[in-house]
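The listed protein sequences derive, respectively, from chains V and U.
Under my numbering, the first residue of the first sequence carries the number 410, and numbering increases by one thereafter.
Under my numbering, the first residue of the second sequence carries the number 410, and numbering increases by one thereafter.
For each residue, glycine too, the CB sits at the ideal point set by N, CA and C.
There are 2 protein chains.
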Amino acid sequence: MTTITLKPIGQINTPHQQASGTPVQPCRAVGYTGTLTLNDPAFAEGLVDLDGFDRIWVIYYFDRAADAKMTVVPYRDDKPHGLFATRAPARPNPIGMSCVKLEKIDGLTLHLSDVDMLDGTPVLDIKPYVPTYDNYPVTHCGWTDDVPNRDDIVADSRFEKQT
Amino acid sequence: MTTITLKPIGQINTPHQQASGTPVQPCRAVGYTGTLTLNDPAFAEGLVDLDGFDRIWVIYYFDRAADAKMTVVPYRDDKPHGLFATRAPARPNPIGMSCVKLEKIDGLTLHLSDVDMLDGTPVLDIKPYVPTYDNYPVTHCGWTDDVPNRDDIVADSRFEKQT
Numbered sequence: 410m411t412t413i414t415l416k417p418i419g420q421i422n423t424p425h426q427q428a429s430g431t432p433v434q435p436c437r438a439v440g441y442t443g444t445l446t447l448n449d450p451a452f453a454e455g456l457v458d459l460d461g462f463d464r465i466w467v468i469y470y471f472d473r474a475a476d477a478k479m480t481v482v483p484y485r486d487d488k489p490h491g492l493f494a495t496r497a498p499a500r501p502n503p504i505g506m507s508c509v510k511l512e513k514i515d516g517l518t519l520h521l522s523d524v525d526m527l528d529g530t531p532v533l534d535i536k537p538y539v540p541t542y543d544n545y546p547v548t549h550c551g552w553t554d555d556v557p558n559r560d561d562i563v564a565d566s567r568f569e570k571q572t
Numbered sequence: 410m411t412t413i414t415l416k417p418i419g420q421i422n423t424p425h426q427q428a429s430g431t432p433v434q435p436c437r438a439v440g441y442t443g444t445l446t447l448n449d450p451a452f453a454e455g456l457v458d459l460d461g462f463d464r465i466w467v468i469y470y471f472d473r474a475a476d477a478k479m480t481v482v483p484y485r486d487d488k489p490h491g492l493f494a495t496r497a498p499a500r501p502n503p504i505g506m507s508c509v510k511l512e513k514i515d516g517l518t519l520h521l522s523d524v525d526m527l528d529g530t531p532v533l534d535i536k537p538y539v540p541t542y543d544n545y546p547v548t549h550c551g552w553t554d555d556v557p558n559r560d561d562i563v564a565d566s567r568f569e570k571q572t
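Shown next as structure tokens:
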């Protein structure tokens with residue numbers, strides 16, 4: 410398989426207009442609300458029963474990310490790490506995943522909170538968040554064990570495409 | 410953005426040759442080991458420091474999934490649900506995510522356990538698993554709250570492309 414072609418199923422709208430100042434990860438985006446609107450009326454049927462879940466995974470495309478570099482200094486540290494050991498958006502396949510709160514579904518529009526995506530981000534998939542599948546006990550979290558986990562970490566332009 | 414083109418960064422090899430009998434989700438795939446091999450020597454630099462993480466997210470392409478249907482009966486239930494309220498592989502953009510154990514890295518090859526992907530699955534991305542970003546307390550998990558969570562749930566051919 411040489412290439413894979415995907416078509417966005419919708420778009421996220423958030424208050425975050427640019428990378429600089431956008432909270433990094435939903436855990437640091439508490440209080441920020443947004444919407445996810447699907448782009449095909451046929452998808453409404455696929456949303457049935459999703460409203461019973463407190464949280465969902467939104468899988469999306471980092472459409473404004475720069476080309477990937479294999480060594481990066483992530484927002485949370487001041488030392489370089491291998492790209493795949495970080496959650497930086499500039500990746501060979503710039504796919505993001507955020508576990509956000511699902512507040513309400515209104516037709517093709519999902520009302521979300523804890524959103525850390527940029528306004529206008531194309532959506533690739535929605536999945537229910539199920540701790541049995543997504544939470545695993547771990548002892549070691551690599552370099553993140555050695556740096557403080559501040560609540561106020563926000564992005565800057567370091568991984569942003571230059572226009 | 411009308412279409413997005415991605416290029417796999419590697420391949421997963423597992424003992425699971427077909428959907429039928431493959432454990433559903435890593436939590437039910439304990440004891441199954443596999444490898445993830447990156448396809449570009451340049452990616453080795455991106456793996457630096459990943460070995461400090463006990464678990465990683467593998468983001469991949471369900472290359473043998475059938476076309477999406479908006480109502481599905483998932484493996485865990487005998488009642489139909491909206492596709493986006495399930496983790497079924499046959500989706501508009503058939504992207505899968507599995508939180509697997511990282512045992513060892515050897516050059517471009519990651520040795521994994523708890524693998525629930527089919528042998529030969531194309532890899533789109535690797536991210537470190539960080540509970541701070543990926544674990545959130547929830548009270549409601551929709552329809553999954555109403556069905557037993559059996560450890561022995563395996564897939565069958567219902568979401569598989571017919572060849």
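Phenylalanine 452/U and tyrosine 538/U do not touch by the CB rule: their CB atoms are close to 19 angstroms apart, not below 8 angstroms. For phenylalanine 493/U, the closest Cβ of chain V is nearer than 8 angstroms. Excluding the 5 residues flanking it on each side, alanine 497/U has same chain C-beta neighbours closer than 7 angstroms at Val481, Pro483, Phe568, in chain order. Using a Cβ-Cβ cut-off of 8 angstroms, arginine 500/U counts as an interface residue toward chain V, since at least one Cβ of chain V sits closer than that to its own. Rounded to the nearest angstrom, the gap between the Cα atoms of leucine 492/V and methionine 479/V is 5 angstroms.
The beta carbon of histidine 490/V falls within 8 angstroms of a beta carbon belonging to chain U, placing the residue at that interface.
Going by DSSP, proline 540/V is part of the alpha helix (DSSP H) stretching over 540–543. Unbroken beta strand (DSSP E) stretches of 3 residues or longer found wholly inside the stretch 431–480 of chain U: 442–447, 464–470, given in chain order.
DSSP places aspartate 515/U in the strand class (E or B) of the three-state scheme.
When DSSP states are grouped into helix, strand and coil, threonine 495/U belongs to the coil group. Scanning its chain for C-beta atoms nearer than 6 angstroms, with the 5 sequence neighbours on each side dropped, one finds around aspartate 565/V the residues Ser429, in chain order. Around the beta carbon of asparagine 448/U, fewer than 16 other beta carbons sit within 10 angstroms, so the residue counts as exposed. Scanning its chain for C-beta atoms nearer than 7 angstroms, with the 5 sequence neighbours on each side dropped, one finds around aspartate 472/V the residues Thr530, Pro531, in chain order. The beta carbon of aspartate 460/V is closer than 8 angstroms to those of Leu511, Lys513, Ile514 in its chain, skipping five residues each way along the sequence. Pairing isoleucine 421/V with tyrosine 469/V gives a Cβ-Cβ distance under 8 angstroms. For a Cβ distance threshold of 8 angstroms, residue set Thr411, Thr412, Ile413, Pro501, Asn502 of chain U lies close to lysine 416/V, ordered along the chain. DSSP places aspartate 534/U in the strand class (E or B) of the three-state scheme. Comparing alpha-carbon positions, the option among Val556/U, Met526/U, Cys436/U lying closest to glutamine 426/U turns out to be Met526/U. Its chain contains Cys508, Val509, Lys510, Leu511, Tyr538 as the residues whose beta carbon lies nearer than 7 angstroms to that of arginine 464/V, once the 5 sequence neighbours on both sides are disregarded; these appear in chain order. The Cβ of methionine 526/V sits no closer than 8 angstroms to any Cβ of chain U.
Pro531, Leu533, Asp534, Ile535, Lys536, Pro537, Tyr538, Val539, Pro540, Thr541, Tyr542, Asp543, Asn544, Tyr545, Val547, Thr548, His549, Cys550, Gly551, Trp552, Thr553: these are the residues of the stretch 528–554 of chain U whose beta carbon lies less than 7 angstroms from some beta carbon of chain V, given in chain order. Separation of the CB atoms of leucine 533/V and leucine 415/V is rounded to 6 angstroms, and the pair is thereby assigned contact status at 8 angstroms. The contact set of alanine 451/V on chain U, defined by CB atoms closer than 9 angstroms, consists of Met479 in chain order. Rounded to the nearest whole angstrom, the C-alpha separation of threonine 423/U and arginine 559/U is 22 angstroms. Tryptophan 552/U is not a Cβ neighbour of aspartate 561/V, given a cutoff of 8 angstroms.
With at least 16 other beta carbons inside 10 angstroms of its own, proline 417/V counts as buried.
Glycine 455/V reaches chain U at Met479, Gly491, Leu492, Phe493, counting residues in chain order whose Cβ is nearer than 7 angstroms. Asparagine 448/U is outside the set of residues whose beta carbon lies under 8 angstroms from a beta carbon in chain V.
Using a CB distance cut-off of 8 angstroms, arginine 559/U does not count as an interface residue toward chain V. As the crow flies, the alpha-carbon of aspartate 554/U is around 24 angstroms from that of tryptophan 466/U. Of the residues Lys536/U, Val556/U, Thr572/U, Pro546/U, the one whose Cα lies closest to the Cα of leucine 445/U is Lys536/U. When only Cα atoms are considered, glycine 443/V and threonine 442/U end up about 40 angstroms apart. If you look at threonine 414/U, you'll find it in the beta strand (DSSP E) that goes 413–415.
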